[in-house]
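Below: the structure, in structure tokens.
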DNA sequence: TAGATTGTTAATCGATTAACAATC
DNA sequence: TAGATTGTTAATCGATTAACAATC
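Residue numbers (my numbering), protein chains in the order written: chain L, 113 to 328; chain S, 113 to 328.
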């Protein structure tokens, strides 16, 4: 068990490993090698071994990795072995979509509160949750021990919401609004901006196809 | 205008530059330096200059970059100066949310068709679009010259949908399903999997807070 | 024992940053 | 001319991959 600084790239691969391992586990496959993992996940086996070795000696030479054991270890590293409450701010279409995944995020991470600034939205039900007004954010975040905030509000409001969340004591933010949030260094922000994704995809389109969509 | 291979990291930053430049433009600010850009976007000015210089000499020494000119250039690089039609497969909550952004993606990129495998969904309206059955995918993609596909179906169906899109001639995929798609090398895939985002965020939470949410 | 596969070191590759001459 | 800022080269930093001894 060593402990250099772990790079973000490594941390971002761990959930991908976990997802696939859970899959194997469901299929009752109990051992997997870095080679197999690499094949399925499109990664270099050496990279996978190295990633895992940052956190401990999880494998067995000549054998591979024990699936349930590795799942347990990665869940621990990612802190998914403890309950983590999440607040969702913005009960629009995207917010609705995300709260759907609550079941899917079975683990121990869970959206436990939804907020919206728009009066008529307040009081509405989203699955088992009731949309709360922004005025209750501070207190709810504290009383529920919420540690992560998801921002799905319009861009102009995103920074304000971020400020509120941070003031309430949130530690990390997943931001779906297409803006760069200014936050103190102790708050981790991940951008989940699909317009950026889509626009960078366009770069990779073949050239030359200068329009010939026959309107049929 | 040089032309090495452009790294993915560079391409992913271009839309971020573009977004901010559009902002400046709206505010009628006509010139910007790499220093200002770097400050606002949390990037190193040298990196910004280098990124842009890959594609040409867009700036002026001692002055900076002309905002409208740089916008035009980046739009061209990203191919956003030509119409790009997009198909959305999966008219669930997430699909709905994304099609909302159609207006926002004002540029020339546009979702022009929505498909769903679930009978009762077919025929429903999403804004100005009508949900079509999967059986029409092939023909619609061809007749509308659709080049990008967005996948918002359940994980088990994602690979099938990808195969269908590719067979229909799509060139790039934005995949919201939490699976690694197997695709031929000429099809570009970007993963937009928010569960992965969220789980990697958990890693950065402070340790030690072993639960004290006072249920109030 | 022979075959397989890890953990890890060293080599490679690539991306970021610093520094500065060119020039507006 | 003096000040500002680019484009670019060189230096640094970091991440990926190859190779292999250790060992199941």
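The C-beta atom is built at its ideal place from N, Cα and C for all residues, glycine as well.
_CA nearest to the CA of residue 129 of chain S, picked from S/240, S/140, S/184_ = S/184
*What does DSSP give as the partner residues of residue 302 of chain L in its beta bridges?*
Residue 302 of chain L pairs with L/286.
_Length-filtered (4 minimum) alpha helix (DSSP H) runs lying within the segment 176–200 of chain S_ = 179–189
_Can you list, in chain order, the residues of its chain with a C-beta nearer than 8 Å to that of residue 326 of chain S? Leave out the 5 residues immediately preceding and following it._
With a pLDDT of only 38 at residue 326 of chain S, under 50, the local geometry of the prediction cannot be trusted, and the value read off the model is given with reservation. Taking C-beta separations shorter than 8 Å and ignoring five residues to either side along the sequence, residue 326 of chain S has no partners in its chain.
*Continuous alpha helix (DSSP H) stretch holding residue 252 of chain S: start and end*: 249–255
*the segment 224–239 of chain S: positions lying closer than 9 Å to chain L by Cβ*: none
*For residue 234 of chain S, which of S/178, S/202, S/283, S/263 has the nearest alpha-carbon?*
S/202
_Residue span of the alpha helix (DSSP H) that contains residue 150 of chain S, given as start and end_ = 146–153
_Spatial neighbours of residue 171 of chain S within its chain, please: C-beta separation below 6 Å, excluding the five flanking residues on both sides._
177
*Limits of the beta strand (DSSP E) - the one that residue 222 of chain L falls within*: 221–228
_I'd like to know whether the C-beta of residue 306 of chain L is nearer than 8 Å to at least one C-beta of chain S._
yes
_Using DSSP's beta-bridge definition, name the partner residues of residue 237 of chain S._
Residue 237 of chain S pairs with S/242.
*CB contact flag (residue 214 of chain L, residue 188 of chain L, <8 Å)*: no
*Three or more beta-carbon pairs under 8 Å between the segment 194–213 of chain L and the segment 264–277 of chain L, yes or no?*
yes
*Hey, is residue 209 of chain L close to the ligand MG, as in C-beta under 7 Å from one of its heavy atoms?*
In the structure on display, the ligand MG does not appear, and there are no ligands present to speak of.
*Roughly how many whole angstroms lie between the Cα atoms of residue 316 of chain L and residue 247 of chain L?*
45 Å
*Give a yes or no on whether 8 Å exceeds the smallest Cβ distance from residue 191 of chain L to chain S.*
yes
*With respect to the alpha helix (DSSP H) encompassing residue 260 of chain S, which residues constitute its N-terminal and C-terminal limits?*
In the DSSP assignment, residue 260 of chain S falls outside any alpha helix (DSSP H) and lies within the beta strand (DSSP E) extending over 260–263.
*Quick one: give me the first and last residue of the alpha helix (DSSP H) that residue 142 of chain S is part of.*
Segment: none, residue 142 of chain S is in no alpha helix (DSSP H) and carries neither H nor E.
*Please check if any C-beta of chain S sits within less than 8 Å of the C-beta of residue 260 of chain L.*
yes
*asked:* Given this structure, state the Cα-to-Cα distance separating residue 210 of chain S from residue 286 of chain S, to the nearest angstrom.
replied: 12 Å
*Residues near residue 133 of chain L by beta carbon distance below 8 Å, same chain, minus five either side*: For residue 133 of chain L, where only same-chain residues beyond five positions count, the Cβ hits under 8 Å are 144, 179, 182, 183, 186.
*Whose C-alpha, out of S/260, S/164, S/289, is nearest the C-alpha of residue 122 of chain S?*
Closest in alpha carbon position to residue 122 of chain S, among S/260, S/164, S/289, is S/164.
*Going by the CB atoms, is the gap between residue 157 of chain L and residue 146 of chain L shorter than 8 Å?*
Going by C-beta atoms, residue 146 of chain L is nearer than 8 Å to residue 157 of chain L.
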